[in-house]
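Residue numbers (my numbering), protein chains in the order written: chain Y, 43 to 267; chain L, 43 to 267; chain A, 43 to 267; chain E, 43 to 267.
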């Protein structure tokens, strides 16, 4: 029987879920209410399309991160100090995302250097978040005793390698950012679709790789977390 | 004995609860503090009645959504990738609601095209949220293996059909919006009352349809999540 | 053995805890950062003392409400639709509190009619929240089957009567508000101290009235909620 | 077998986790989006470096507080009224932190009296939060019956003494604040590193001092909190 996650692991996941849920919901505060006076509201609303697009993009991106984070924690039995602080770095990146999201929404339309810079900052933030995921998997690979029983370090190794895709792709978009912020925005959307709609090898969802706590219930005796 | 929800299902519900709780509480940030200087605060406060009305409306609406969402998840035993992303779409709609709420509050009083547009956007957001609920029930109807043991697909079918009421009614209010935003606002309130005070067939509450996890406790052996 | 709370009751409490935790933490957003340019920051900060006082007051008030709410739910075994919507009304009041808090902070110093009105609105909001608590206890008194086994309706009756203190006292402060907003502010603080520091008959804390789920653990076999 | 935390203890910790998660995530709202028009966004972003630095600092500081708080609650079996209100004071301090963080970010660069004052307020807030931690440990030392079985009051005494480091060091930085706000900022970072990277005697992490609920799982029978 796989070891059950201990209270600390559970609380860390619950705390992380809280931060992720708040960050994803705060995104809406960055969409301003246009003050058009006697002007045309429709025009003003259409004019701020980058705000809606950036909202949807970052919402989906954070949603996918939640899935990945939850999927990782399903495989973790206990947490050491290093993993704790790596996880804190990851949360720092996610909690920071509303800022580059608002920056991108504000400047993507303008073109020119300012739009390039805004897109590059979004790319860099995403790349750094990806690095934090990679570092966490790498630590788990080197400390397999932290994993749920029945998960071997080969699984962690595979996850570690797959988690390099994000940082590499987002780092490449930093280059693209200095050509066109709008093109970069489109590529962000494609990357999100790739992770969301792709095969399970890209995002480990419980459905397809549920070797962790998911199958504990089948014993009919364990209670859920 | 009904299968207990597995950790993934539970965490997804907890995450959704978090997003819904945050969205419902952020609504208050959209009510501005009037700066009247030496003027009359009372007048200024009365003047922003649409802000209070929109706050109460969206609070009740999101509250009802929470009940519906919780009621659905009481019947779900496991979650597949599609359900995960349908649920993310639903949360996207709910997390977005503070925006159309503030838009409605700002423009409903003005009359004219801008007020019509603001109401139509509120209606459309609500209709889309309703579509997400419908899609989730439809998926559960086609994948009854995701349901808690003892819930058959007929139940999911009924819920799927009932979940069409919301999107249909809210889509009709898009038409009304272009006649009168204030009338539309009143109709929103009536729809909310209908869902809140109506018979249990409209909103499935645990009290009246508690065939899911609610009755697990009676065994006296299971512990709750 | 007292019946364990069922999942619905638990989720409703968790959802309520979420709304209360968010409302209490959002209060800080209402304290503005003074922009003094070359002026004296110290003076500007002292000048906004009502913001700090209102922050601390509403923080303590919401904290006490959390204790009362948690204490009530420790005694609830199952939730019916009416209790669900009464609880939603209570949450609506708590989630609204940042608004009258900011209003009070903005206008209490000014004196005159505007300050009276701001204090009266704070009083009225608090009174209405108290009414929601009363209505919930009243419902539990009339539906003792919703209570945890071992809690009789006399306990609910006592709690119902005690829960009248809040609404009555806060309604009286509406009168005081029209004499002096500052005096009213001081009285709010005293009321909060009364509830926080008073005997357990005033606020039912788990320590002194823990007849609910608190003592379940002693059996050594049950797991916690 | 160590006593399991009872529901009240658990809910208090969950509520505290919620407040801490929200406070840590709200920090990002204090970073403004520069409005540079046709100007240089890069310059404007570099110019607001104190906002990023203060964001990272307070994020790490609150993260460490979460670890300390969680570590304390792992050792608490039951909560009395006094501990409840001491914990509320602690949360008040943490929920207030976004304000001194934004103040520091706004004024640290300016130099002169205003910057000194902003740093002193940050120091004082941190010192007071430290005092709340100390008061909680002191109460636990005097009421060892509140501790998890197997934890003796010597452990609480050690934790109480260690918890004096924070308030003492932060009080000393109040003096430094009136010499240089930037120097103070650097020292805050060093203190955070000391607590984060230091030996386990400084911050009690589950890994190294897990005598509480952490080792409950080894019995293979208990479920997690």
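Glycine residues also receive a C-beta, built at the ideal position from the N, C-alpha and C atoms.
Task: Same chain, Cβ closer than 6 Å to residue 185 of chain L, five either side skipped, listed in chain order - done: The residue given as residue 185 of chain L occupies position 143 in the second chain. No residues qualify anywhere along the chain.
Task: Nearest to residue 147 of chain L (by Cα), restricted to the options L:78, L:73, L:170 and L:203 - done: For the purposes of this step, residue 147 of chain L is taken as the residue at position 105 of the second chain. Out of L:78, L:73, L:170 and L:203, L:73 has the C-alpha closest to the C-alpha of residue 147 of chain L.
- [ ] Measure from the C-beta of residue 209 of chain A to each C-beta in chain L and report whether the shortest distance is under 8 Å.
- [x] By one-based count along the third chain, residue 209 of chain A stands at place 167. Residue 209 of chain A does not count as touching chain L.
Open item on the list: Distance check for residue 141 of chain E and residue 108 of chain Y, CA to CA, integer angstroms please.
Closed with: As a position in the first chain, residue 108 of chain Y is number 66, starting the count at 1. As a position in the fourth chain, residue 141 of chain E is number 99, starting the count at 1. Residue 108 of chain Y and residue 141 of chain E: Cα-Cα distance of roughly 29 Å.
- [ ] Return the first residue and the last residue of the alpha helix (DSSP H) that residue 75 of chain Y is part of.
- [x] The residue you call residue 75 of chain Y lines up with position 33 of the first chain. It is not in any alpha helix (DSSP H) - residue 75 of chain Y carries neither H nor E in the DSSP assignment.
Task: Contact set for residue 143 of chain A: own chain, Cβ-Cβ below 8 Å, skip 5 residues either direction - done: The residue you call residue 143 of chain A lines up with position 101 of the third chain. Excluding positions up to five away in sequence, the list reads 69, 72, 96, 97, 99, 100 and 164.
TODO: Can you tell me which of the three DSSP states residue 139 of chain A falls into?
DONE: Mapped onto the third chain, residue 139 of chain A falls at position 97. Here residue 139 of chain A sits in coil by DSSP.
- [ ] Please confirm if the segment 120-133 of chain Y is in contact with the segment 114-123 of chain E, defined as three or more CB-CB distances below 8 Å between the two stretches.
- [x] Because the criterion of three Cβ pairs below 8 Å is not met, the segment 120-133 of chain Y and the segment 114-123 of chain E do not touch.
- [ ] Note down, one range per segment and in chain order, each alpha helix (DSSP H) of at least 4 residues found wholly within the segment 149-223 of chain A.
- [x] 154-184, 195-204 and 207-219
Task: DSSP beta-bridge partners of residue 118 of chain A - done: Position 76 of the third chain, counted from the start, is the residue given in the question as residue 118 of chain A. A:189.
Open item on the list: How far does the alpha helix (DSSP H) with residue 89 of chain Y in it extend, from its first residue to its last?
Closed with: The residue labelled residue 89 of chain Y in the question sits at position 47 within the first chain. Unbroken alpha helix (DSSP H) run through residue 89 of chain Y: 83-89.
TODO: Rank E:201, E:221 and E:224 by C-alpha distance to the C-alpha of residue 172 of chain E and give the top, closest one.
DONE: The residue you call residue 172 of chain E lines up with position 130 of the fourth chain. Ranking the options by Cα distance to residue 172 of chain E, first place goes to E:201.
Open item on the list: Here's the rule: buried if 16 or more other CB atoms are within 10 angstroms of the residue's CB, otherwise exposed. What is residue 52 of chain A?
Closed with: The residue you call residue 52 of chain A lines up with position 10 of the third chain. By the neighbour-count rule (16 or more Cβ atoms within 10 Å), residue 52 of chain A is buried.
TODO: Compute the distance between the beta-carbons of residue 137 of chain Y and residue 67 of chain E, then report whether it is under 8 Å.
DONE: Residue mapping note: residue 137 of chain Y aligns to position 95 of the first chain, counting from 1. Residue mapping note: residue 67 of chain E aligns to position 25 of the fourth chain, counting from 1. Yes. Within cutoff.
Task: Segment contact, 8 Å Cβ cut-off, at least three pairs: the segment 223-231 of chain L with the segment 149-158 of chain L - done: yes
Open item on the list: Taking only three categories from DSSP, how would you classify residue 243 of chain E?
Closed with: Numbered from its first residue, the fourth chain carries residue 243 of chain E at position 201. Summary for residue 243 of chain E: the model assigns pLDDT 37, below 50, so the residue's position carries little reliability; its value from the coordinates is reported in the next sentence. DSSP, reduced to helix, strand and coil, places residue 243 of chain E outside both helices and strands of the structure shown, so it counts as coil.
Open item on the list: Can you check which of these residues, L:110, L:161 and L:219, is closest to residue 50 of chain A by C-alpha distance?
Closed with: By 1-based counting over the third chain, the position of residue 50 of chain A is 8. If we check each option's Cα against that of residue 50 of chain A, L:110 comes out closest.
TODO: Could you work out which residues of chain L lie near residue 63 of chain Y, taking near to mean beta carbons separated by less than 7 Å?
DONE: Taking the first chain and counting its residues from 1, the one referred to as residue 63 of chain Y is at position 21. Under the 7 Å cutoff, chain L gives 57, 60, 61 and 64.
Open item on the list: For residue 166 of chain E and residue 182 of chain E, which I take to be in contact (beta-carbon distance under 8 Å), what is that distance rounded to the nearest angstrom?
Closed with: Position 124 of the fourth chain, counting from 1, holds the residue named residue 166 of chain E. Position 140 of the fourth chain, counting from 1, holds the residue named residue 182 of chain E. So it is not a contact: roughly 25 Å between Cβ atoms.
Task: Identity of the residue in L:128, L:88 and L:161 nearest residue 176 of chain L by Cα - done: Working through the second chain from its first residue, we reach residue 176 of chain L at position 134. Per the Cα distances, L:128.
TODO: Could you check which residue in E:204, E:211 and E:160 has the C-alpha nearest to that of residue 85 of chain A?
DONE: For the purposes of this step, residue 85 of chain A is taken as the residue at position 43 of the third chain. Measuring from the Cα of residue 85 of chain A, the nearest candidate turns out to be E:160.
Task: Option nearest residue 94 of chain L by Cα separation, candidates L:106, L:75, L:191 and L:193 - done: Position 52 of the second chain holds residue 94 of chain L. Of L:106, L:75, L:191 and L:193, the residue nearest in Cα terms is L:75.
Open item on the list: Please identify the residue among A:115, A:205 and A:231 whose C-alpha is closest to the C-alpha of residue 215 of chain A.
Closed with: As a working note, residue 215 of chain A is residue 173 in the third chain. Residue 215 of chain A has its Cα closest to that of A:231, out of A:115, A:205 and A:231.
TODO: Could you say which of E:187, E:194, E:188 and E:233 lies nearest to residue 207 of chain E if we only look at CA atoms?
DONE: Within the fourth chain, numbered from 1, the residue matching residue 207 of chain E stands at position 165. Measuring from the Cα of residue 207 of chain E, the nearest candidate turns out to be E:233.
Open item on the list: Suppose you measure from the CA of residue 192 of chain A to the CA of residue 115 of chain A; what does that come to, to the nearest Å?
Closed with: For the purposes of this step, residue 192 of chain A is taken as residue 150 along the third chain, with counting starting at 1. For the purposes of this step, residue 115 of chain A is taken as residue 73 along the third chain, with counting starting at 1. Roughly 14 Å between the two C-alpha positions.
- [ ] Note down, in chain order, every chain E residue with its Cβ under 8 Å from the Cβ of residue 53 of chain Y.
- [x] Working through the first chain from its first residue, we reach residue 53 of chain Y at position 11. Neighbours of residue 53 of chain Y on chain E, chain order: 55, 59, 112 and 267.
Task: Assigned exposure category for residue 162 of chain Y - 16 Cβ within 10 Å defines buried - done: As a first step, residue 162 of chain Y must be located in the first chain, where it is residue number 120. Residue 162 of chain Y comes out buried.
Task: Alpha-carbon to alpha-carbon, residue 156 of chain E and residue 65 of chain L - done: Within the second chain, the letter at position 23 stands for residue 65 of chain L. Within the fourth chain, the letter at position 114 stands for residue 156 of chain E. Their backbone Cα atoms lie some 37 Å apart in a straight line.
TODO: Using the Cα positions of residue 217 of chain E and residue 210 of chain E, report the straight-line distance between them to the nearest angstrom.
DONE: For the purposes of this step, residue 217 of chain E is taken as residue 175 along the fourth chain, with counting starting at 1. For the purposes of this step, residue 210 of chain E is taken as residue 168 along the fourth chain, with counting starting at 1. Computed Cα separation, rounded: 12 Å.
Task: Interface flag, residue 138 of chain E vs chain A, CB-CB below 8 Å - done: For this step, residue 138 of chain E is matched to residue 96 along the fourth chain. It does: the Cβ of residue 138 of chain E has a partner Cβ on chain A nearer than 8 Å.
Open item on the list: Determine, for residue 148 of chain Y, whether the minimum Cβ-Cβ distance to residues of chain E falls below 8 Å.
Closed with: One-based indexing of the first chain puts residue 148 of chain Y at position 106. For residue 148 of chain Y, the nearest CB of chain E lies under 8 Å from its own CB, placing it at the interface with that chain.
- [ ] Using a threshold of 8 Å, state whether the C-beta atoms of residue 188 of chain L and residue 125 of chain L are closer than that.
- [x] Numbered from 1 along the second chain, position 146 holds the residue referred to as residue 188 of chain L. Numbered from 1 along the second chain, position 83 holds the residue referred to as residue 125 of chain L. Contact flag set, yes.
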